[in-house]
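Visitor: Once you've had a glance at the structure underneath, I'll fire off some questions.
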Amino acid sequence: MIDAMRPVAILFAVCLAGSAALAQNTPGPNLNAGATHADWPNYGGSSFSWRYSALNQINTTNVKKLLPAWIFQTGDYTENLQATPIVMNGVMYIITPRAQVFALDAATGRVIWHYKYPTARPGRPGSQAAFVQNRGVAVGAGKVFFGTNDNFVVALDEKTGLESWKVSVDDPKQCGCNITAAPLVVKDKVIVGGSGGDGAHRGYLTAFDTKTGHFAWRWYVIPGPGEKGNETWKGDSWKLGGGAPWMTGSYDPELNLVYWGTGNAGGDFNDTERFVGPGKNHDSNLYTASVVALDADTGKLRWYHQEVPDDEWDFDSAYECILMDRVVNGRMRKLLVHMNKSGLTFVLDRVTGEFMGVFSVPEVRTWISGVTEDGKLVGRREPQAGKVVNTCPSAAGAKSWNSMAYSPLTGYLYIPVNELCNDLTSADTPALEGRFHANGGFSFKLPPGRTTYSHLDAWDPITRKRIWSMPYKYVLLASVLATSGDLVFTGDPEGDFFALDARTGAKLWNYQTGAGNRGSAVSYSVNGRQFIATPTGWQQSITGTQTAGVFPDQTWRQGSTLVVFALPEDSK
Amino acid sequence: MRGLALLLLPALACAQSVPDVVARGEKIFNQTCATGYCHGSKGSAGGAPRLVARGFDQAYINTTVTRGLPGTAMPAFGGALDRRDLTAVVAYVATLNGITNPSVGVALGAGSAAPALSPNAERGRDLFSEATRSFGRCSTCHEVGGIGIQVATPISAVPADVQALRNLATPQVHTAVLDGESVPALIVSEGKRRTIVYDLTSAPPVLRSQDPGTVKITDGSNWKHSAFMASYNDSELAAILDYLRAAVHP
Numbered sequence: 018m019i020d021a022m023r024p025v026a027i028l029f030a031v032c033l034a035g036s037a038a039l040a041q042n043t044p045g046p047n048l049n050a051g052a053t054h055a056d057w058p059n060y061g062g063s064s065f066s067w068r069y070s071a072l073n074q075i076n077t078t079n080v081k082k083l084l085p086a087w088i089f090q091t092g093d094y095t096e097n098l099q100a101t102p103i104v105m106n107g108v109m110y111i112i113t114p115r116a117q118v119f120a121l122d123a124a125t126g127r128v129i130w131h132y133k134y135p136t137a138r139p140g141r142p143g144s145q146a147a148f149v150q151n152r153g154v155a156v157g158a159g160k161v162f163f164g165t166n167d168n169f170v171v172a173l174d175e176k177t178g179l180e181s182w183k184v185s186v187d188d189p190k191q192c193g194c195n196i197t198a199a200p201l202v203v204k205d206k207v208i209v210g211g212s213g214g215d216g217a218h219r220g221y222l223t224a225f226d227t228k229t230g231h232f233a234w235r236w237y238v239i240p241g242p243g244e245k246g247n248e249t250w251k252g253d254s255w256k257l258g259g260g261a262p263w264m265t266g267s268y269d270p271e272l273n274l275v276y277w278g279t280g281n282a283g284g285d286f287n288d289t290e291r292f293v294g295p296g297k298n299h300d301s302n303l304y305t306a307s308v309v310a311l312d313a314d315t316g317k318l319r320w321y322h323q324e325v326p327d328d329e330w331d332f333d334s335a336y337e338c339i340l341m342d343r344v345v346n347g348r349m350r351k352l353l354v355h356m357n358k359s360g361l362t363f364v365l366d367r368v369t370g371e372f373m374g375v376f377s378v379p380e381v382r383t384w385i386s387g388v389t390e391d392g393k394l395v396g397r398r399e400p401q402a403g404k405v406v407n408t409c410p411s412a413a414g415a416k417s418w419n420s421m422a423y424s425p426l427t428g429y430l431y432i433p434v435n436e437l438c439n440d441l442t443s444a445d446t447p448a449l450e451g452r453f454h455a456n457g458g459f460s461f462k463l464p465p466g467r468t469t470y471s472h473l474d475a476w477d478p479i480t481r482k483r484i485w486s487m488p489y490k491y492v493l494l495a496s497v498l499a500t501s502g503d504l505v506f507t508g509d510p511e512g513d514f515f516a517l518d519a520r521t522g523a524k525l526w527n528y529q530t531g532a533g534n535r536g537s538a539v540s541y542s543v544n545g546r547q548f549i550a551t552p553t554g555w556q557q558s559i560t561g562t563q564t565a566g567v568f569p570d571q572t573w574r575q576g577s578t579l580v581v582f583a584l585p586e587d588s589k
Numbered sequence: 018m019r020g021l022a023l024l025l026l027p028a029l030a031c032a033q034s035v036p037d038v039v040a041r042g043e044k045i046f047n048q049t050c051a052t053g054y055c056h057g058s059k060g061s062a063g064g065a066p067r068l069v070a071r072g073f074d075q076a077y078i079n080t081t082v083t084r085g086l087p088g089t090a091m092p093a094f095g096g097a098l099d100r101r102d103l104t105a106v107v108a109y110v111a112t113l114n115g116i117t118n119p120s121v122g123v124a125l126g127a128g129s130a131a132p133a134l135s136p137n138a139e140r141g142r143d144l145f146s147e148a149t150r151s152f153g154r155c156s157t158c159h160e161v162g163g164i165g166i167q168v169a170t171p172i173s174a175v176p177a178d179v180q181a182l183r184n185l186a187t188p189q190v191h192t193a194v195l196d197g198e199s200v201p202a203l204i205v206s207e208g209k210r211r212t213i214v215y216d217l218t219s220a221p222p223v224l225r226s227q228d229p230g231t232v233k234i235t236d237g238s239n240w241k242h243s244a245f246m247a248s249y250n251d252s253e254l255a256a257i258l259d260y261l262r263a264a265v266h267p
């Protein structure tokens, strides 16, 4: 899998950076603060979003023996399966894009209960949702929570699957928004983001009481008149400026802060209606394309860091916030590591929001010529009216929404990176509430001179060095799982689900699952037996269709099947 | 003679306005279908397939736009766009497929559209669902003119004035005790397996569903409709009433 020229260099890099990591970045007292154990309780594993399991029954020495223990077909093949399964006390909860929720015996796959959200009738909200996706449920307070295509948050009884409460977050007929992200349960609240980052709509996070569904707080991404930050919007553009935080946040219980990434400003590819000059190296269109820290009880903003001021490339900051404690310059720091869609990856102090460093992950980068040591963008290559401007990476992202993983054992991030470019065009269409407002378009182009268009990388976020890289011919759109068995798992669109050595990137195991992988694998254990579960089925909406379009000879198979692996009972 | 002339006039208007309908269809297409995630400018393909020169006939375009394509990201626009806009978009996409004179039927019926609202009623319509009011807007609980969440039963009688609206009697609001917690509630259903109520403690209302054995309902409540209207002043409420008089047809 590795380019002919690369192995020597990679081994060399591993030795150097590996020893450097051990010497300088001795993992702190919170080595396992973000690890999962028997359960997989949150979308990102723990609320630190590492997607890392402390289980090591399956490890580099025996992973070759891994076999399917059970498989589960949802029967809802409409939009495949991309959710992260949640596992609590031996029960797995999984949701399909049209919100069929299953509680399964996590050891056998036997159905405990099955809930089916009513399918929207043609012409009713939800039936016209363009983003028919669902990335997972949240479990807590005896309930299973999820968002819907018609923009409700629903709570089911964890034991019976019966509806407990249901509340409308906003009228989808008006805002054009819906919920695709898994909610985040924090103490007595369930917090949910929404889609609409590219729609004419004012994005927000909303928190509800877990027990009653009563409204708790709402934080608007875009400040209203009189609030700090509103002055970074031209005229009334703040009302429909987008920024929806469409993924799932993280939570640090010690600081009582929730962390969330926000969406891009709209219209995406033309800033004339929203940009307040002069110059571009200052915060603009706050708090879009930013990472924010909010008080978990009140939703009040504590700090923010804007990653792409005046975004014109559809470079959301909506992805996962990875919370880790690491030694930096001899001092233990509480960090937040976050990748923008552009592939710029920011290291922040998660107590104060202080900027501590940035590195750019993709190999092909033309949207900017560089980034300064203090995180300022240099040499912006922007869309232009009446012209086609080619930029890399594409609006699909150097990474898409699928999550990276972090292992405290190696100190590395495991990042699925795509190398696609796009031809950007700019339009000048006024914003219309609730309608898409990209204000321009993009079409994918393969970067010239390459034979592979993605890679799975290991990066050290402190030294900002790439440790190893496994090239792949097409795109990688499945999340990554790391385990303390020193393994890294992910899947590809051709249907292969595989394990790599977390320290070297060497491929140790591969299983053909029969359909494209765009889901998020998890690990858990029941009665001492470790399982690895991965959703399969090539999800079509948006990026799935688009990226398939640049590889016309490929047909990536759809489906909606959960494949669950374990070591054979007699070989543990 | 005069009758014939009158009949001919609309026909002449039709002949002249097919390009107008197509132009309007292109505008709606640009706002709705042409985004980078979807069909791209002039249907040249973006995230979704190219629509130019695909050999589509108009019936196929109409069905696909109205009903969507199940199993793909193509949504059904039958409810999202009104009939005239839908026809205009279909006509525009037809022209992208070499149909130079698409049938534009209902899109021509300019006179058949809903009667124009007075300026104050128009202001009322905007206030009814004004997004900056978050959950403090009427549309949090009422659906009128296709906008809003239908929590309350459809509005059948419009209060005479702002005072009457503020003092609106709400005998349908009861008191429900849910697991020992007393809440103002609209009863949705009382079945053998579940009792379902809208909990009106705060906006937005929460649809709560419980085992009947854990619910106790008593008549009456001290809940006040005015508490949910606090974001509006008298002039705004008067405009909203103007809108409701034009929009509500009991």
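Just so you know, the sequences run in chain order A and B. For the first sequence, my numbering begins at 18 and goes up steadily by one. For the second sequence, my numbering begins at 18 and goes up steadily by one. Using N, Cα and C, we set each Cβ at its ideal position, and we do this for glycine too. Predicted model only: the values in this text are computed from it and were never measured.
In three-state terms, what does DSSP make of W462(A)?
Guide: Here residue 462(A) corresponds to residue number 445 of the first sequence, with the count starting at 1. Per the sequence shown, residue 462(A) should be read as Lys rather than Trp. Note: K462(A) maps to strand in three-state DSSP.
Visitor: Is V106(B) buried or exposed, if buried means 16 or more other CB atoms sit within 10 Å of its CB?
Guide: Residue numbering aside, residue 106(B) sits at position 89 when the second sequence is read from its first letter. Buried is the call here.
Visitor: From the DSSP secondary-structure annotation, give me the bridge partner or partners of T572(A).
Guide: Along the first sequence, read from residue 1 onward, the residue named residue 572(A) stands at position 555. DSSP lists no beta-bridge partner residue for T572(A).
Visitor: In this structure, how does DSSP classify P201(B) when only helix, strand and coil are distinguished?
Guide: Taking the first residue of the second sequence as position 1, residue 201(B) is located at position 184. In the structure shown, P201(B) sits in a strand (DSSP, three-state: E or B).
Visitor: Could you run through the segment 208 to 223 of chain B and flag, in chain order, every residue whose CB is less than 9 Å away from some CB of chain A?
Guide: R210, R211, I213, D216, T218, S219, A220, P221, P222, V223
Visitor: CA-CA distance, S151(B) and G193(A)?
Guide: Here residue 151(B) corresponds to residue number 134 of the second sequence, with the count starting at 1. Here residue 193(A) corresponds to residue number 176 of the first sequence, with the count starting at 1. For S151(B) and G193(A), the gap between their C-alpha atoms comes out near 15 Å.
Visitor: Within the continuous alpha helix (DSSP H) that includes E139(B), where are the two ends?
Guide: Against the second sequence, residue 139(B) aligns to sequence position 122. First-last of the alpha helix (DSSP H) with E139(B): 136 to 145.
Visitor: Using a beta-carbon distance below 7 Å, is W234(A) in contact with chain B?
Guide: In the first sequence, counting from the first residue as 1, residue 234(A) sits at position 217. Not an interface residue.
Visitor: Output the distance between the C-alpha atoms of V375(A) and K482(A), rounded to the nearest integer angstrom.
Guide: Your numbering for residue 375(A) matches position 358 in the first sequence. Your numbering for residue 482(A) matches position 465 in the first sequence. Those two C-alpha atoms are separated by around 11 Å.
Visitor: Do you know offhand how far Y268(A)'s Cα is from A55(A)'s?
Guide: In the first sequence, residue 268(A) corresponds to position 251, counting from 1. In the first sequence, residue 55(A) corresponds to position 38, counting from 1. Approximately 20 Å, taken between the alpha carbons.
Visitor: What number of angstroms, rounded off, separates the C-alpha of G512(A) from the C-alpha of P585(A)?
Guide: The residue labelled residue 512(A) in the question sits at position 495 within the first sequence. The residue labelled residue 585(A) in the question sits at position 568 within the first sequence. Straight-line Cα distance between these residues: approximately 22 Å.
Visitor: How would you call E244(A), buried or exposed, if buried means at least 16 neighbouring beta carbons within 10 angstroms?
Guide: Counting from one through the first sequence, the residue named residue 244(A) turns up at place 227. E244(A) should be labelled exposed.
Visitor: Report the three-state DSSP secondary structure of T227(A) (helix, strand or coil).
Guide: Along the first sequence, one-based indexing puts residue 227(A) at 210. If DSSP states are grouped into helix, strand and coil, T227(A) belongs with coil.
Visitor: Counting only runs that start and end within the segment 313 to 398 of chain A, where is the beta strand (DSSP E) found for 3 or more residues in a row?
Guide: 318 to 323, 338 to 345, 348 to 356, 361 to 366, 372 to 377
Visitor: Answer with yes or no whether the minimum CB distance from W182(A) to chain B is below 7 Å.
Guide: The residue given as residue 182(A) occupies position 165 in the first sequence. By this cut-off, W182(A) is an interface position.
Visitor: The beta strand (DSSP E) that contains N435(A), what's its start and end?
Guide: Here residue 435(A) corresponds to residue number 418 of the first sequence, with the count starting at 1. Residues 429 to 435.
Visitor: What is the DSSP secondary structure of H131(A), counted as helix, strand or coil?
Guide: Here residue 131(A) refers to the residue found at position 114 when the first sequence is read from its first residue. Reduced to three states, the DSSP call for H131(A) is strand.
Visitor: Is there contact between the segment 195 to 205 of chain A and the segment 56 to 68 of chain A, where contact requires at least three CB pairs shorter than 8 Å?
Guide: yes
Visitor: Is any beta-carbon of chain A found at less than 7 Å from that of T49(B)?
Guide: For the purposes of this step, residue 49(B) is identified with residue 32 of the second sequence, where counting begins at 1. Interface residue, yes.
Visitor: Specify, as a first and last residue, the run of the beta strand (DSSP E) that F453(A) falls within.
Guide: Counting from 1 along the first sequence, the entry for residue 453(A) is found at position 436. Here F453(A) belongs to no beta strand (DSSP E), and DSSP marks it neither H nor E.
Visitor: Expressed to the nearest angstrom, what Euclidean distance is found between the alpha-carbon atoms of E96(A) and A174(B)?
Guide: In the first sequence, residue 96(A) corresponds to position 79, counting from 1. In the second sequence, residue 174(B) corresponds to position 157, counting from 1. Spanning the two alpha carbons is a distance of roughly 43 Å.
Visitor: Given the structure, does S66(A) come close to the ligand COA, in the sense that its CB is under 6 Å from one of the ligand's heavy atoms?
Guide: The ligand COA is absent from the structure shown, which contains no ligand whatsoever.
Visitor: For the candidate residues M421(A), R452(A), A413(A), F459(A), whose alpha-carbon lies nearest to that of N407(A)?
Guide: Working through the first sequence from its first residue, we reach residue 407(A) at position 390. Nearest of M421(A), R452(A), A413(A), F459(A) to N407(A), Cα basis: F459(A).
Visitor: Can you check the segment 33 to 78 of chain B for any beta strand (DSSP E) of at least 3 residues that lies completely inside it and give the ranges in chain order?
Guide: none
Visitor: Nearest by alpha-carbon distance to I204(B): which of L224(B), V69(B), S219(B) is it?
Guide: For the purposes of this step, residue 204(B) is taken as the residue at position 187 of the second sequence. I204(B) has its Cα closest to that of L224(B), out of L224(B), V69(B), S219(B).
Visitor: When you compare the CB of R71(B) with every CB in chain A, is at least one pair closer than 7 Å?
Guide: Taking the first residue of the second sequence as 1, we reach residue 71(B) at position 54. It does not: the Cβ of R71(B) has no partner Cβ on chain A nearer than 7 Å.
Visitor: Who are C438(A)'s beta bridge partners in DSSP?
Guide: Sequence index remark: in the first sequence, residue 438(A) carries index 421 (1-based). Bridge partners of C438(A): K462(A).
Visitor: Which chain A residues are close to S151(B), counting only those with a beta carbon under 7 Å from its beta carbon?
Guide: To locate residue 151(B), count along the second sequence from 1; it is residue 134. Those within 7 Å of S151(B) in chain A are R235.
Visitor: Under 8 Å: do the segment 500 to 509 of chain A and the segment 390 to 407 of chain A share three or more Cβ pairs, one atom per stretch?
Guide: The segment 500 to 509 of chain A and the segment 390 to 407 of chain A do not touch, with fewer than 3 CB-CB distances between them shorter than 8 Å.
Visitor: Let me check understanding here. Comparing Cα to Cα, which of G107(A), S254(A), K82(A), N79(A) lies closest to V543(A)?
Guide: By one-based count along the first sequence, residue 543(A) stands at place 526. If we check each option's Cα against that of V543(A), G107(A) comes out closest.
Visitor: Counting only runs of 3+ residues fully inside the segment 253 to 297 of chain A, write out the beta strand (DSSP E) ranges in chain order.
Guide: 267 to 269, 274 to 278
Visitor: With distances taken Cα to Cα, identify the nearest neighbour of T362(A) among E371(A), N346(A), G392(A), D215(A).
Guide: For the purposes of this step, residue 362(A) is identified with residue 345 of the first sequence, where counting begins at 1. If we check each option's Cα against that of T362(A), G392(A) comes out closest.
Visitor: Do G522(A) and D477(A) count as a contact pair if the criterion is CB distance below 7 Å?
Guide: For the purposes of this step, residue 477(A) is taken as the residue at position 460 of the first sequence. For the purposes of this step, residue 522(A) is taken as the residue at position 505 of the first sequence. No, the Cβ-Cβ distance between D477(A) and G522(A) is not below 7 Å.
Visitor: Could one say the Cβ of Q145(A) lies closer than 7 Å to chain B's Cβ atoms, at least one of them?
Guide: Mapped onto the first sequence, residue 145(A) falls at position 128. For Q145(A), the predicted structure reports a pLDDT of 48, less than 50, and the residue's modelled location is therefore unreliable. The matter cannot be settled from this model.
Visitor: With three or more beta-carbon pairs closer than 8 Å as the criterion, would you say the segment 139 to 147 of chain B touches the segment 158 to 172 of chain B?
Guide: yes
Visitor: Taking C-alpha atoms, which residue in P410(A), T113(A), T125(A), T480(A) lies nearest to S165(A)?
Guide: As a position in the first sequence, residue 165(A) is number 148, starting the count at 1. Before going further, note that residue 165(A) is Thr rather than Ser in the sequence given. When only C-alpha atoms are compared, the closest one is T113(A).
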